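Reading the sequence shown from the start, the letters are residues 21 to 111 in my numbering. C-beta atoms are modelled at their ideal positions from N, C-alpha and C, and glycine is treated no differently. Computed from a predicted structure; not experimentally measured. Read the structure below first, then the notes.
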Amino acid sequence: MLIYLKNEITMLRISIAEVQELIDLHFNNNRHVSTDVEHLFKIQLMLYSQLRELFMQVADDCEPMIEVFDKALYNYRLSWLLYLNDISVKP
């Protein structure tokens, strides 16, 4: 079971990094928000949610690691929502 979790976590982290590369590529060519970027952001959030579910299989809700992960994910999501609404610069 732990090997399965490790492999799944690794695959999700790779996928998240690939989506981030696509986002960065978009911003190297275009500084404006597009529906493509919004879609990539939603995909990345979905992947982060799946990653959290896997983390929860090896930790419980009160685990400090989960609290840190949740805070980071909240800040990331907030930054993107502000950016997508033209309130701040790219996170």
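Just to confirm the assignment, what range does the alpha helix (DSSP H) spanning Asp44 have? 22-49
Same chain, Cβ closer than 6 Å to Tyr68, neighbours up to 5 away in sequence not counted: Leu93
Quick one: grab the DSSP three-state call for Asp90. helix
Considering only the alpha carbon of each residue, which of Asp90, Tyr96, Ser54, Tyr24 lies closest to Gln64? Tyr96
Given a cut-off of 8 Å, decide if Leu101 and Leu74 are closer than it, judged by their beta-carbon atoms. no
If you draw a straight line from the C-alpha of His52 to the C-alpha of Leu104, how long is it? 9 Å
Using 8 Å for Cβ pairs, my map puts Ile34 next to Leu60. What's the rounded Cβ distance? Between Leu60 and Ile34 the Cβ distance is about 15 Å, and since that is not below 8 Å, they are no contact.
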